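In what follows, a single structure is set out as structure tokens and then discussed.
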């Protein structure tokens, strides 16, 4: 058999057909010339090419890769994939595994931020794996040597591979002569050396190999580190983005209220309830049916409202109060009697003698007019049946004088008619109370349906409202209020510019943190510019907070507050229906009545947010007030109203000291008990001068000079507490502070806060020193109100800040140094790579 | 004379009898090895050591003998360093924190460290979930190792070093080019040429005494290789993820409180091991049942979903591997050609 091949067809065939057979033949291809040159027989030209993608090609490349991976998967499923495809699928598996980890941990985390960061962590890890070699190996190598050490190429089958993947198989032919020469120039390879291309290629290979090895050695350090640093860097922007998103999502709940409540429809439960009513329409309301109605109607309601509804139901459905006596219930008495007498050993004949005849019981009851009616008391019925049975038993004893059954029968009869337990019906009474006289009438059904529907609508509305209030103000780290808190504390404390030493010292303990914080404030108030800058930041933060809180300000009119208006319309709407149907206990529990309105479910919906908001606001107002008090004391200005000329200098100093201590560290409980302090029981007399200050601090003339080992309080110094309270919260704030906040929307609110603190905390009814109250007045308040007004203590805020800052700085200093070192070594290494002995230039003689 | 590291033959850095075959002689040619625990450990240690010593040294020097095998083997380096680094990132700074922050950070850090360990452990162990059933059902060992004798180039004209190195590969490492030659028997040892292929053919129902069992088996072998690799690629990472999920269960905190590696403190160490076992069991239960503190349905069932997915992917992967479609048809030749009919070939 004769075979032909490509070469023979070229040699023997017609030139025209030769052209036809060769798809990519060069136009002026001369086979004879090629054969004479002896260069013809060589591998077919490669269809591979170097991958030269720009940033703009990334989306299309990703798409191509996805399609390739999908096809690879199909091939692998059939068992037909190749090594390259399987390699890519391994990467896909790794990413899927990573996603599975993130997805699982997502379900374990509680807050949106921590949930989000499971995926951010995964993303940054894979990004770091990719970016480290690109940014710190490929780029520096290119800048230093002009060689792309991570060059990719597409082979003849379209498979993307690393050019320097296998150093014993590098497809050099993909680089043109020109390209290699250009790279050679960048590598400073002399122009006229023998085998210049080979030398350049070897140098390129060497640089690439060294860099690949460097990549393997550094990636383990770099990837987790870079990923962690990226996560840290992304935390701020992600939190901001998430806060905005959450806030928008919460606002959308209120603006799309009517569509949102449809997502939590209780139609199914309503239908079930209606089916229950329908199935029992016209039937007596048995205890079981009553329980079913009650449980379905109160299901999902809060305890307070459910309790009220139960009371209403007890009135509307008087089940268990009266019963009908039918022939069936009379008949069943015979059966019950037989069971009761079963303990007495007697024959059926004997039993028949005792048992009244068929209609005997009915007739006896009927004769007494005790059969056809509604009865709630069965004592008369009991007497009739008792006499009937006793008569029969007597007859039996007379007929059988020798029988010993008489006493037993009488005993069993007593047990049947009378219960041995108080409040429990006897067996006979149970028979009488079988058919309640209250019936599920069509009117009652309609009324119950309407009430249930009103509650079901309210439940849907309440879910959406609760969701909103939770997202905005709940005591949880993922709320808008918590976000604002974190943001503001971070900004204010950052502005105070604590040194690393101060942070390190302050993180140890709240007491120490308070001391560091106090010293810092005193140093700031000593410098007017620094103080003004700080107040400016505080003003900005609080203005922002004030703006954000406007949406949850329950003191506003309902027309300006969507949440409030939805709460009112939802609760009032349900209450209207219930009021019309006479469910008055439920109405009271929902919207309150008179003085009880504050404890209604509606009021609680509003109060919850207001309280949370007040707690946060008070904390920051207290901080602002602290700065102002320190400034006034630090400059001995605006304090004369409290530290009057009639006050001894030593007491003034003690007073100023206590004011600072309270501002920085007092809790609401400290107001309730005596403020114990290191005081002198016999202050220096005769000196009524004002306190002296220097560098923001009080220069004490007397305070601290008295030897005192323990804290004391003087019951007879009744003006002392008042003076301290007034020093902190009475009178005007300092002009330096006012100048910075005079145009702020929160100014009047802040002033109101100071007044509130002075009155509520200063005049508290339960203050342990009743004669020491401010201006001798008494103000009633709850402990919660006082707690919310006190807000968070400055030293505790500082302590938390110091701890968090120290921890993150410590982490950064440890791993930042390691990262910097790693980058340094990686970059420096480039200058040691690619070193080769240069060959000697061609001599002219050789030429 | 101390040789420069580039000329240091990797053959000098070996474990036990690595460079010798079963008869305790140097490998002079590519040699098939038994796939048992001892061989796997030897190979693992050999590759691990070289990945941290000889191969990086050769790579940094830019040696002409550095090849793709060495590059791939060096892949262990970032895995190991990365794992230690990950543990360190979440734990090293904790000791400087205040007691409360330290206790909170350490709980997370310890779980993260346990996650890293269980990731690696589950990933490796889970490969057996595919390998063993495939080997039992088809007789094909997809992980069969062989020692490859690699001939090196002389680094410089004065080099006096040994010019061979030993690499450890697997017969089925490349599905494009499986090392079929390694599966043939050695007549010098009295082995029939196709004895391994015969076994596989018999196991897969191709019959006994085949004239060319190797040709019949190769397509099956290749199909099993591809499909099992696919199965392992997906299932091993899913099991690794399950390992991480397991590490994040609360009962591990009991172990972290008593954990010690000081084996010389016998009592404490044994107690720590006992708690380790208990914590593992309790954590596995909690992963399946969900934490008692969990309040969302998803959180309660996510562990079941995780384990179920890993299990499902493994079972599907194995079933797909065992579903062999490339079996040669029986009596193939008779169907194609009538042996009684005369034919002339030009």
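Protein chains in written order, with my numbering: chain A, 21 to 867; chain B, 7 to 352.
All C-beta atoms in this analysis are idealised placements derived from N, C-alpha and C, irrespective of residue type, glycine included.
These numbers were taken from a predicted model, which means no experiment stands behind them.
Go through its chain and collect everything with a Cβ distance to residue i's Cβ below 6 Å, but skip five positions before and after it.
i: residue 591 of chain A; result: 610, 611 and 622
i: residue 42 of chain A; result: The predicted model places residue 42 of chain A with a pLDDT of 48, which falls under 50 and marks its position as unreliable; any figure quoted below should be read in that light. Here the set comprises nothing.
i: residue 854 of chain A; result: 165, 223, 226 and 227
i: residue 80 of chain B; result: 57 and 61
i: residue 639 of chain A; result: 811 and 812
Shortest alpha-carbon distance to residue i belongs to which of the options?
i: residue 285 of chain B; options: B/257, B/72, B/304 and B/325; result: B/257
i: residue 65 of chain A; options: A/120, A/193, A/156 and A/133; result: A/193
i: residue 248 of chain B; options: B/267, B/138, B/309 and B/268; result: B/309
i: residue 15 of chain A; options: A/416, A/757 and A/175; result: The question about residue 15 of chain A has no answer here: the residues shown for chain A are numbered 21 through 867.
i: residue 769 of chain A; options: A/424, A/576, A/679 and A/830; result: A/576
i: residue 252 of chain A; options: A/232, A/140, A/396 and A/198; result: A/140
i: residue 87 of chain B; options: A/241, A/698 and A/690; result: A/241
i: residue 83 of chain B; options: A/236, A/121 and A/221; result: A/236
i: residue 514 of chain A; options: A/826, A/600 and A/409; result: A/826
i: residue 333 of chain B; options: B/239, B/277, B/321 and B/223; result: B/223
i: residue 548 of chain A; options: A/759, A/128 and A/485; result: A/759
i: residue 218 of chain A; options: A/711, A/191 and A/505; result: A/191
Pull up the distance between the alpha-carbon of residue i and that of residue j, whole angstroms please.
i: residue 755 of chain A; j: residue 685 of chain A; result: 25 Å
i: residue 164 of chain B; j: residue 33 of chain B; result: 25 Å
i: residue 848 of chain A; j: residue 836 of chain A; result: 18 Å
i: residue 464 of chain A; j: residue 295 of chain A; result: 14 Å
i: residue 103 of chain A; j: residue 78 of chain B; result: 14 Å
i: residue 152 of chain A; j: residue 68 of chain B; result: 21 Å
i: residue 146 of chain A; j: residue 121 of chain B; result: 17 Å
i: residue 695 of chain A; j: residue 731 of chain A; result: 9 Å
i: residue 503 of chain A; j: residue 497 of chain A; result: 7 Å
i: residue 279 of chain A; j: residue 569 of chain A; result: 25 Å
i: residue 152 of chain B; j: residue 191 of chain B; result: 14 Å
i: residue 488 of chain A; j: residue 318 of chain B; result: 40 Å
i: residue 250 of chain B; j: residue 118 of chain B; result: 8 Å
i: residue 561 of chain A; j: residue 239 of chain A; result: 42 Å
i: residue 104 of chain B; j: residue 244 of chain A; result: 25 Å
i: residue 267 of chain A; j: residue 259 of chain A; result: 12 Å
i: residue 290 of chain B; j: residue 450 of chain A; result: 54 Å
Helix, strand or coil for residue i per DSSP?
i: residue 79 of chain A; result: helix
i: residue 713 of chain A; result: strand
i: residue 801 of chain A; result: coil
i: residue 375 of chain A; result: coil
i: residue 153 of chain A; result: helix
i: residue 690 of chain A; result: helix
i: residue 173 of chain B; result: strand
i: residue 460 of chain A; result: coil
i: residue 697 of chain A; result: strand
i: residue 877 of chain A; result: Since the first residue of chain A shown is 21 and the last is 867, residue 877 of chain A is not available in this structure.
i: residue 91 of chain B; result: helix
i: residue 662 of chain A; result: coil
i: residue 183 of chain A; result: coil
i: residue 174 of chain A; result: strand
i: residue 156 of chain B; result: strand
Apart from the five residues on each side of it in sequence, which residues of its chain come closer than 7 Å, Cβ to Cβ, to residue i?
i: residue 331 of chain A; result: 605
i: residue 161 of chain A; result: 167, 169, 227, 231 and 850
i: residue 8 of chain A; result: The question about residue 8 of chain A has no answer here: the residues shown for chain A are numbered 21 through 867.
Leaving out five residues before and five after residue i in sequence, what residues of the same chain have Cβ atoms less than 8 Å from its Cβ?
i: residue 717 of chain A; result: 542, 546 and 654
Practice task
Name, going along the chain, the residues of the segment 99-131 of chain B whose beta-carbon falls closer than 7 Å to a beta-carbon of chain C.
Solution key: The chain inventory of the structure shown lacks chain C, comprising the protein chains A and B.
Exercise for the section: Check whether the segment 663-677 of chain A touches the segment 715-724 of chain A, taking contact to mean three or more Cβ pairs, one atom from each stretch, closer than 8 Å. Expected result: yes
Exercise for the section: Would you check if the segment 170-190 of chain A and the segment 271-291 of chain A touch, i.e. whether three or more CB-CB distances between them fall below 8 Å? Expected result: no
Practice task
Say whether the segment 210-221 of chain B touches the segment 299-315 of chain B, bearing in mind that this needs 3 or more beta-carbon pairs closer than 8 Å, one atom from each stretch.
Solution key: no
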